[in-house]
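According to my numbering, the sequence shown holds residues 133 to 353 in order.
Where is the CB? At the ideal position from N, CA and C, for every residue including glycine.
Data block below; observations after.
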Amino acid sequence: MTVYLIHFERRYKHAGHYLGYSSDLVSRIRAHRLGQGARLLQVVNDAGIRWFVVRIWDGGYDLEHALKARRNAPQLCPVCNPRQQVEMMSGTLGMSEDVSSSLDAWAFKEWLFRQEPGEVVGLADEPLVCPLSCWLGVVYGGQWQVNASWYRWRAGDGAFWQDWQALPPWAMTFVSVLGERYGCAPVFASQALELLGWVLVDVGSQGARQALNNMVFEEVS
Ligand SMILES: [Zn+2]
């Protein structure tokens, strides 16, 4: 069983989050996308509000009930609560502080958020134009090369490449799953965001690992 927290890009009336639980998280999320299974998400979809799974826990009804009783979803949400982000970044994802330099997961997420959902943000398995390389190029300039475990930078065509640096764990997971899912195909902002959402939840929990392995990504229509 998995308890999951969904964050709405903007509020629907007073609601900004949805908390639920399921024995089959991926099927449940797919159902929510189709407006099935929860009235709130159906009306949120109808209102054109984008939403993301931002956190999951191993647990069922009892945990969901306990979390709901606290009536403080924003406190639990890593998007709404920056302190939660820091705890998740340094704890769950095993990120060291020095990694926050250029490859900041939340800055990347912010950037993806600002693109149109159907905008192509890169080619999955192409080191020079994968979504991470494209984002880094826009934010920091120059050319960026990102492979499975490393990344490096140069000022432009013909300039010398700087030394390779290790990707932080979240970026390694993101790049490898992206490559597996899409090969060299174009990746839309909505797809990259969806995947990043999964990567940024508790990757240590079994539910999240299963979800990552089984995830079927939404088609953009
Ligand atoms: Zn939130």
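DSSP places Asp190 in the uninterrupted beta strand (DSSP E) bounded by Trp183 to Asp190. The C-alpha of Asn213 is placed about 14 Å away from the C-alpha of Arg203. For His149, the number of other beta carbons within 10 angstroms of its own is at least 16, and it is reported as buried.
CA-CA distance, Val278 to Leu157, rounds to 30 Å.
The count of Cβ pairs closer than 8 Å, one atom from the stretch 315-332 and one from the stretch 268-287, stays below three, leaving the stretches out of contact. In this structure the stretch 137-156 lies against the stretch 168-175, because at least three pairs of beta carbons, one per stretch, are closer than 8 Å. Contact between Val211 and His139 is confirmed by a C-beta separation of about 5 Å, below the 8 Å threshold. Closest by C-alpha distance to Leu137, out of Ile188, Tyr144 and Arg160, is Ile188. The beta carbon of Ser155 sits closer than 6 Å to those of Met133, all from its chain and outside the five residues before and after it, given in chain order. For the set Ala201, Arg182 and Trp238, the Cα lying nearest the Cα of Arg143 is the one of Arg182.
Counting other Cβ atoms within 10 Å of its Cβ, Asp257 reaches 16 or more and is therefore classed as buried. Rounded to the nearest whole angstrom, the C-alpha separation of Trp296 and Pro259 is 13 Å. Your pair Ala324 and Val270 does not check out as a contact, with CB atoms roughly 14 Å apart and the cut at 8 Å. Sequence-distant Cβ neighbours of Leu310 in its own chain, meaning closer than 8 Å and more than five residues away, are Ala256, Asp257, Cys262, Pro263, Val319, Ala324 and Leu327.
The nearest non-hydrogen atom of ligand 1 is less than 7 Å from the C-beta of Pro206. Closest in alpha carbon position to Phe184, among His197, His146 and Cys209, is Cys209.
When beta bridges are read from the DSSP output, Ser154 appears opposite Thr134.
Secondary structure of Pro318 (DSSP, three-state): strand. Relative to ligand 1, the nearest heavy atom lies less than 7 Å away from the CB of His149.
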